[in-house]
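Enquirer: Sending over a structure as structure tokens; questions will come in a sec.
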Ligand SMILES: Nc1ncnc2c1ncn2[C@@H]1O[C@H](COP(=O)(O)OP(=O)(O)OP(=O)(O)O)[C@@H](O)[C@H]1O
Ligand SMILES: [Mg+2]
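Chains as they are written, first to last, in the numbering used here: chain A, 42 to 286; chain B, 88 to 411.
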């Protein structure tokens, strides 16, 4: 009970001080809009192609939303030493980090639904397999958040975190099969694709939206869950090693 | 009953620096224990090791009977920490910060608010309660940081240089607050480089230099060797080694030494008569500006034990404080 009070206090504080700030909210809305518009214009096809664009736009919105927020949230608090307060609090370290990342996961999930809601006004989305779609989005948000955490823990400055996460984000967008099918990638790039969490997330979304997925759902969900666990454990290990002197 | 803190042979190394080199001490329940030492002595590192922010390379830490050496989180619910720099959330108000800190210790929402309001009033911050922490002055920040450290009513409070870098009036107020907390039964571990502060507040003091404790004792016991000893300092220009020798011959019962800035220090086991000394010095051709009796203080003990000039230690600290 006591631990959960601390958990919700941390979550609520992060929401208030980071995620619900006007610049972040507008970012969360405008960013997916711009991406949708961009692909819509590029593909030159009619309104009917919007569902095909959704997986890409959603994934990119989640990826950027979560990783950039975490870089600020964690790195900033480490630098101004308020993070020490959290390390001094008598709550399990794992719960503390779940609270610290919970806000980003919610923020990423909310970001993902912006393009979905917009699309719902334009086209018929009744064909989407929601039972795979929603858990898929949440798992993508979790894995990108933990990737962001992993990056934020590995560096010590906010700008380093931003640079370092771009190093992951951009290749990821192009290798994960969102915009180019992995089957069409050069052979030597394929192993990289399968080493990225977003590849499996994108596959779930493709499957849920228009039924074409390359891997079985079970494998996709399993792989994403494994990525979450490994990234979270690695981040915790890193924090214990580097921040508890 | 367990000691509040029992530390055995703590060592901690950072790359080339041996920050702690085998530190051992005990703090009894309800005691106000002072850690007195110059910059880089290892005071903050000791607090970090005791509170779970740093892992010792060797040694044992027991807080209230709980062995925290391998499980740094085991006793954190008993402990409050006030760091040397205010590290609250700049974005939150004073009230918001206190409520948040209380929540970290699992306090229910209603009690949190009541306690935060109470502490804000006690610390004279009620008018600034709704202002962002970022807009607080240095003294206000320090007060709120202390309030945040005691919001969950810890049994043991760690205070890292609470009065450094704030004005005299605020410092006095803070000392009063610390004294009140001590009176109410909280065990306090206080680091400071102000010898007078340590002397005034602490039950027992440890002198720490370069990661080692060179002496630990109660203030009364530390001052014991100085009991019944009288010291007179005479400021005079034109003093020479020859005059000093003549003084020793003329006044065989007294000890003389010449310090910096032509101060003649006279020590004796009995009351020193000022008149004959001043007369002798003036007849010898010096000009006496001042003669004053010095009350034996912890400062002398500190200098004797550590070989560090107290003034140098405090000056350096002030410079550092201003830069920050
Ligand atoms: N994270 C760190 N990395 C490297 N060296 C460190 C680290 N923390 C402390 N040290 C070194 O350990 C020694 C003890 O530092 P510590 O901060 O404990 O001293 P202190 O007594 O608190 O000094 P001050 O009065 O300046 O606060 C110093 O030489 C310091 O440079
Ligand atoms: Mg210090």
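Using N, Cα and C, we set each Cβ at its ideal position, and we do this for glycine too. Nothing here was measured: the structure is a model prediction, and the numbers come from that model.
Can you tell me which of 211(B), 154(B), 210(B) and 345(B) puts its alpha carbon nearest to the alpha carbon of residue 331(B)?
Expert: If we check each option's Cα against that of residue 331(B), 345(B) comes out closest.
Enquirer: For residue 149(A), which residues of its own chain have a beta-carbon under 7 angstroms away from its beta-carbon, when the five flanking residues on both sides are left out?
Expert: Correct list, in chain order: 103, 106, 107, 182, 185 and 186.
Enquirer: Which word fits residue 175(B), buried or exposed, when buried means at least 16 other C-beta atoms lie within 10 angstroms of its C-beta?
Expert: It is buried - the Cβ of residue 175(B) has at least 16 other Cβ atoms within 10 Å.
Enquirer: Can you tell me whether residue 224(B) is buried or exposed? The criterion is at least 16 other CB atoms within 10 Å of its CB, across all chains shown.
Expert: The residue is exposed, with fewer than 16 neighbouring Cβ atoms inside 10 Å.
Enquirer: What distance in whole Å lies between the Cβ atoms of residue 185(B) and residue 238(B), which are believed to be in contact at a cut-off of 8 angstroms?
Expert: Right, their Cβ atoms sit about 6 angstroms apart.
Enquirer: Whole-angstrom Cβ separation of residue 138(B) and residue 107(B), contact assumed at under 8 angstroms?
Expert: Actually they are not in contact, since the Cβ atoms of residue 138(B) and residue 107(B) sit about 14 angstroms apart, beyond 8 angstroms.
Enquirer: Go ahead and label residue 97(A) buried or exposed: buried means 16 or more other beta carbons lie within 10 angstroms of its beta carbon, across all protein chains shown.
Expert: Label assigned to residue 97(A): buried.
Enquirer: Per the DSSP calculation, residue 319(B) is bridged to which residue(s)?
Expert: Answer is 353(B) and 380(B).
Enquirer: Is it true that the CB of residue 248(B) sits closer than 9 angstroms to the CB of residue 385(B)?
Expert: Result no, Cβ atoms of residue 385(B) and residue 248(B) do not sit closer than 9 angstroms.
Enquirer: At what residues does the beta strand (DSSP E) containing residue 168(B) begin and finish?
Expert: 166-169 is the extent of the beta strand (DSSP E) around residue 168(B).
Enquirer: Measure from the C-beta of residue 104(B) to each C-beta in chain C and report whether the shortest distance is under 9 angstroms.
Expert: Among the chains of the structure shown, chain C does not appear; the protein chains present are A and B.
Enquirer: Could you tell me which residues DSSP puts in a beta bridge with residue 93(B)?
Expert: The partner list for residue 93(B) (beta bridge, DSSP) reads 113(B) and 149(B).
Enquirer: Compare the C-beta of residue 42(A) with all C-beta atoms of chain B and state if any pair is closer than 9 angstroms.
Expert: Taking Cβ atoms only, chain B reaches closer than 9 angstroms to residue 42(A), which makes this a yes.
Enquirer: Output needed for residue 298(B): all residues of its chain with C-beta closer than 6 angstroms, excluding positions within five of it in sequence on either side, in chain order.
Expert: Excluding residues within five positions, the ones whose Cβ falls inside 6 angstroms are 105, 106, 107, 108 and 129.
Enquirer: I'd like to confirm something about residue 133(B): is its beta-carbon nearer than 8 angstroms to some heavy atom of ligand 1, or not?
Expert: Residue 133(B) Cβ: within cutoff of ligand 1.
Enquirer: Could you check the C-alpha separation between residue 306(B) and residue 277(B) for me, to the nearest Å?
Expert: Approximately 14 angstroms between the Cα atoms of the pair.
Enquirer: Which bits of chain A does residue 141(B) rub up against, with CB to CB less than 9 angstroms?
Expert: Near residue 141(B) (Cβ distances below 9 angstroms), the residues of chain A are 285 and 286.
Enquirer: How many whole angstroms separate the CB atoms of residue 174(A) and residue 255(A), which I take to be in contact at a CB cut-off of 8 angstroms?
Expert: The pair is not a contact, with the Cβ atoms about 17 angstroms apart (cut-off 8 angstroms).
Enquirer: If contact is defined by three or more beta carbon pairs under 8 angstroms, each pair taking one atom from either stretch, is the stretch 227-235 of chain B in contact with the stretch 204-216 of chain B?
Expert: Segments in contact, yes.
Enquirer: Under 7 angstroms Cβ-Cβ, which residues of chain A neighbour residue 138(B)?
Expert: The contacting residues are 129.
Enquirer: Along the beta strand (DSSP E) that carries residue 304(B), what are the first and last residues, could you check?
Expert: Per DSSP, residue 304(B) belongs to the beta strand (DSSP E) from 299-305.
Enquirer: State yes or no: is the beta carbon of residue 133(A) nearer than 9 angstroms to at least one beta carbon in chain B?
Expert: Yes, because at least one Cβ of chain B sits closer than 9 angstroms to the Cβ of residue 133(A).
Enquirer: Unbroken beta strand (DSSP E) runs of length 3 or more, entirely within the stretch 246-295 of chain B: which are they?
Expert: Listed in chain order, the complete beta strand (DSSP E) runs (minimum 3 residues) inside the stretch 246-295 of chain B are 274-279.
Enquirer: Give the straight-line distance between the Cα atoms of residue 43(A) and residue 126(A), rounded to the nearest whole angstrom.
Expert: Between residue 43(A) and residue 126(A), the C-alpha separation is close to 16 angstroms.
Enquirer: With DSSP collapsed to three states, give me the class of residue 149(A).
Expert: It is helical.
Enquirer: Sorted by chain position, which residues of the same chain lie with C-beta nearer than 6 angstroms to residue 194(A)'s C-beta, five sequence neighbours on each side aside?
Expert: Excluding residues within five positions, the ones whose Cβ falls inside 6 angstroms are 276, 279 and 280.
Enquirer: Which residue wins for smallest C-alpha separation from residue 92(B), given the options 110(B), 102(B) and 116(B)?
Expert: Out of 110(B), 102(B) and 116(B), 116(B) has the C-alpha closest to the C-alpha of residue 92(B).
Enquirer: I'd like the span of the beta strand (DSSP E) that includes residue 285(A), first residue to last.
Expert: It is not in any beta strand (DSSP E) - residue 285(A) carries neither H nor E in the DSSP assignment.
Enquirer: Could you check whether the stretch 256-268 of chain B touches the stretch 371-386 of chain B, counting it as contact only if at least three pairs of C-beta atoms, one from each stretch, sit closer than 8 angstroms?
Expert: The answer is no - the stretch 371-386 of chain B does not touch the stretch 256-268 of chain B, with fewer than three Cβ pairs under 8 angstroms.
Enquirer: Cβ-heavy atom distance between residue 284(B) and ligand 2 below 8 angstroms?
Expert: Incorrect: residue 284(B) has no Cβ contact closer than 8 angstroms to ligand 2.
Enquirer: Comparing the C-beta of residue 187(B) with each C-beta of chain A, is any distance below 9 angstroms?
Expert: Residue 187(B) counts as touching chain A.
Enquirer: Closer than 6 angstroms by C-beta to residue 120(B): which residues in its own chain qualify, once you throw out the five before and the five after it? Chain order, please.
Expert: Counting only Cβ-Cβ distances below 6 angstroms, and skipping sequence neighbours, we find 114, 276 and 291.
Enquirer: For residue 135(B), go through chain A and note every residue whose CB falls closer than 8 angstroms to its CB, in chain order.
Expert: Within chain A, the residues near residue 135(B) are 286.
Enquirer: Taking CB distances under 9 angstroms as the criterion, tell me whether residue 281(B) reaches chain A.
Expert: No, because no Cβ of chain A sits closer than 9 angstroms to the Cβ of residue 281(B).
Enquirer: Of the residues 168(B), 156(B), 154(B) and 196(B), which one's Cα is nearest the Cα of residue 338(A)?
Expert: Outside the displayed span of chain A (42 to 286) sits residue 338(A), for which this structure offers no information.
Enquirer: Does the distance from the C-beta atom of residue 241(A) to that of residue 265(A) stay below 9 angstroms?
Expert: Taking 9 angstroms as the Cβ cut-off, residue 241(A) and residue 265(A) qualify as a contacting pair.
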